[in-house]
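If you use my numbering, the sequence shown corresponds to residues 280 to 543, in order.
All C-beta atoms, glycine included, are put in the ideal place defined by N, C-alpha and C.
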Amino acid sequence: MKFSLKTHSIDGFSYFPRLVHAFSPRSFERENGLHEELSLGRKSDSRSSAQHRQWLLENLNIDSKELFFVKQVHGDRVFVLDDPQKSADQVEREEADALITHLTEKPIAVLTADCVPVILYDPEKHVAGAIHAGRKGTQKSIVSKTISMLSKAYGSNPQDVVMALGPAIGGCCYEVDEPCVEPFRQNYRGWEGFVTANSRSRFMLDLLKANAMDAERAGISKENIHRSGECTSCNNDRWFSYRREGTTGRIVSLAMLRKEPIKQ
Ligand SMILES: [Zn+2]
280 MKFSLKTHSI
290 DGFSYFPRLV
300 HAFSPRSFER
310 ENGLHEELSL
320 GRKSDSRSSA
330 QHRQWLLENL
340 NIDSKELFFV
350 KQVHGDRVFV
360 LDDPQKSADQ
370 VEREEADALI
380 THLTEKPIAV
390 LTADCVPVIL
400 YDPEKHVAGA
410 IHAGRKGTQK
420 SIVSKTISML
430 SKAYGSNPQD
440 VVMALGPAIG
450 GCCYEVDEPC
460 VEPFRQNYRG
470 WEGFVTANSR
480 SRFMLDLLKA
490 NAMDAERAGI
500 SKENIHRSGE
510 CTSCNNDRWF
520 SYRREGTTGR
530 IVSLAMLRKE
540 PIKQ
């Protein structure tokens, strides 16, 4: 390979020989030592480079030529990818913010830059999910809704499900106004645990904590919740941050079920 692309993975997820998971970094290194930004996204996105998508897949030893994204709309719909005939183009037209699948060798993915990317995996049923949990999706409890869908569609027991929270804006950097906090106060039990008033009469919102809370309420064990520990805003050199930059690229967070365990 003529470049170096180091994707981020989460230690707690490395025990599963039939799961591929990855979070794409901001840039990769060319053979000549120069760093170049990754332009990843849906095929329909003009900024997205087919070459970069291909490199990402090759780098992870994924045979699929396609990444399966949904059309993210800050809602709470979970798309179930259960039809092996469905093309990536068709899936991209589905308005949803989470997708789950039992299909092997099909990388499902979400795009984020500050919002929380979540990967779920049930090693017992061998099914996976990818979630885009922004402020609105978090308010709508998209994580617990996705866990419910794993149970409904595939018979998952939440006790078996492991969860990875990828690089996202942390409670250290995500400052919001009162109107952003209000829906949590109204409808979200335990909101005091992740909303903190600051000295500027604004609020620090910890979406990672909120989503972990949501997952625990849906039956995921605390010890099965893993975090990348990366704040996109603090570590803007490594990750895209919409808040920090405005127009910027996107992190791809993907999960793929392998048919056979990888031979070491
Ligand atoms: Zn931060």
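Quick one: using the 10 Å Cβ neighbour count with 16 as the cut-off for buried, is residue i buried or exposed?
{"i": "N477", "result": "exposed"}
{"i": "I289", "result": "buried"}
{"i": "Q351", "result": "buried"}
{"i": "S520", "result": "buried"}
{"i": "Q369", "result": "exposed"}
{"i": "A329", "result": "exposed"}
{"i": "S435", "result": "buried"}
{"i": "S323", "result": "exposed"}
{"i": "F463", "result": "buried"}
{"i": "N311", "result": "exposed"}
{"i": "N490", "result": "buried"}
{"i": "Q418", "result": "buried"}
The beta strand (DSSP E) spanning residue i covers which residue range?
{"i": "Y400", "result": "395-401"}
{"i": "F482", "result": "482-484"}
{"i": "F463", "result": "It is not in any beta strand (DSSP E) - F463 instead sits in the alpha helix (DSSP H) that spans 457-466."}
{"i": "L378", "result": "377-380"}
{"i": "T511", "result": "Element bounds for T511: n/a, residue is neither H nor E."}
{"i": "A443", "result": "441-444"}
{"i": "P349", "result": "Per the sequence shown, the amino acid found at residue 349 is Val instead of Pro. Unbroken run through V349: none, as it is neither H nor E."}
{"i": "S323", "result": "From DSSP, S323 is part of no beta strand (DSSP E); its letter is neither H nor E."}
How far does the alpha helix (DSSP H) with residue i in it extend, from its first residue to its last?
{"i": "V422", "result": "421-433"}
{"i": "R522", "result": "521-524"}
{"i": "G416", "result": "414-418"}
{"i": "R332", "result": "329-338"}
{"i": "E371", "result": "367-371"}
Return the Cβ separation of residue i and residue j in integer angstroms, given the expectation that the two are a contact with Cβ distance under 8 angstroms.
{"i": "P437", "j": "I421", "result": "Not really, about 15 angstroms apart at Cβ, beyond 8 angstroms."}
{"i": "I410", "j": "D376", "result": "7 angstroms"}
{"i": "L319", "j": "R332", "result": "6 angstroms"}
{"i": "F347", "j": "L360", "result": "6 angstroms"}
{"i": "P386", "j": "S343", "result": "6 angstroms"}
Quick check: does the Cβ of residue i come within less than 7 angstroms of any heavy atom belonging to ligand 3?
{"i": "H287", "result": "Absence of ligand 3 is noted for the structure shown, with ligand 1 being the only ligands found."}
TODO: Determine contact between the region 388-400 and the region 439-451, defined as no fewer than three beta-carbon pairs at a distance below 8 angstroms.
DONE: yes
Task: Pocket of ligand 1 defined by Cβ to heavy atom distance under 7 angstroms - done: I448, G449, C451, C452, C510, S512, C513
TODO: Flag this pair as touching only if the region 526-541 and the region 292-302 have three or more C-beta atom pairs under 8 angstroms; answer yes or no.
DONE: yes
TODO: For the region 495-515 and the region 378-386, state whether three or more C-beta atom pairs, one from each stretch, are separated by less than 8 angstroms.
DONE: no
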